[in-house]
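Note sheet for the following structure.
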Amino acid sequence: MTDPQVSSAVLQTFPSASDSVPADATGCAPRPQSGQQPVEAAAEAYKELAQAAGGFIHEIKNRLGTLLLNLQLLAEDFPEAQTARERRIGQRIQRLQEECQKLVDLAADFLRFARVRELNLQTVALENVVTRLVDFLSPTARDKKIDINWYVAPDLPPVLLDRDLFEQCLLNLLLNAEQAMPEGGTLTLLARRDDPWVCLEVIDTGIGIPPDILPRLFQPFFSTKPNGHGLGLAITRRIVHAHGGTIDVHSTPGHGTRFTIRLPIPRDQSEVSLQGMNRQGQLTES
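Position one of the sequence shown corresponds to residue 44 (my numbering), numbered consecutively onward.
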């Protein structure tokens, strides 16, 4: 839902943003200011390395696909196991299929993390993007006894987004919040203007994150989940930074977690009114 009034009780659940943990390339320190440009040679070397890594993982993914196909064909040779030996073979084939699928999923996430591409930026109403994802997540949230509250300030300006990438970024946070509340709870989203930023907060009442884990939360391949590969939040951070924004996190064990995304208000678009936008968040022609 949308509401111009933001509950002060929600904001008082956590300390101010200055006490939270920001995320940079290591997950431990603030990202560089916009005026600090990387050395051209280092940037080019990084691009080449990312392309090489992407090509390498793509080849591995192809081989895993072939392996999965052959395991499926092998499983079809034992459709109804008759003996203990056949049952053991079937179970081992199933385990191999599961592990191969995990590697395929990991390879896909790594490709999303490593690939360097230009953003397809459009002037978008952030309210529309968040509302769409809230509507998408609401049915499963209700099944898990999770209430979703969505508050948006009336003066929220549009922002420049690669809509598909940012939806992926925000969905990662929403799914993490859902998983952090196995017994149910409340998921709150707040969007407000805080010049020169548009701020979006994702707050859950889940189990929280231990203080010793927070500094490593955005590091690639770090995960506290038994079957996690640790790229979800790393991808989220990478997408936010690619938009010129910041993301930080504060958590209180036993009370919940708050992620805060800050996106820059376009300097040449700061006077654009939301009344000049259509329902999809694209600027209408004048």
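From the three backbone atoms N, C-alpha and C, an ideal C-beta is built for every residue, glycine too.
Within a Cβ cutoff of 6 Å, which residues of the same chain sit near residue 82, ignoring the five residues on either side of it in sequence? Low local confidence applies: a pLDDT of 44 at residue 82 is under 50, so the model's placement there is unreliable, with the coordinate-based value given in what follows. None.
Helix, strand or coil at residue 282 [DSSP, three-state]: Under the three-state reduction of DSSP output, residue 282 falls in the helix class.
Hey, could you find the ends of the beta strand (DSSP E) residue 204 is sitting in? 202-204
When DSSP builds the beta bridges, which residues end up paired with residue 167? 202
Between residue 239 and residue 219, what straight-line distance do the alpha-carbon atoms span, to the nearest angstrom? 28 Å
How far does the beta strand (DSSP E) with residue 190 in it reach, from first residue to last? 189-195
Where residue 280 and residue 289 are concerned, what is the direct C-alpha to C-alpha distance, given to the nearest angstrom? 8 Å
How about residue 199 and residue 236: do their beta carbons lie closer than 8 Å? Contact flag set, yes.
Excluding the five sequence neighbours on either side, which residues of its own chain have a C-beta within less than 7 Å of the C-beta of residue 188, listed in chain order? Excluding sequence positions up to five before and after residue 188, its CB lies within less than 7 Å of the CB of 227, all in the same chain and listed in chain order.
Quick one: grab the DSSP three-state call for residue 99. DSSP, read as helix, strand or coil, puts residue 99 in helix.
Chain-order list of residues whose beta-carbon lies under 8 Å from that of residue 308 (same chain, five-residue window excluded): 200, 202, 236, 238, 239, 240, 241
Straight-line CA distance for residue 224 to residue 266? 17 Å
Rounded to a whole number of angstroms, what is the C-alpha to C-alpha distance between residue 214 and residue 138? C-alpha separation (whole angstroms): 29 Å.
Give the range of the beta strand (DSSP E) segment to which residue 343 is assigned. Any question about residue 343 goes unanswered here, given that the chain covers just 44 to 329.
In terms of DSSP beta bridges, what is residue 247 paired with? For residue 247, which the question treats as bridged, DSSP gives the partners 230, 300.
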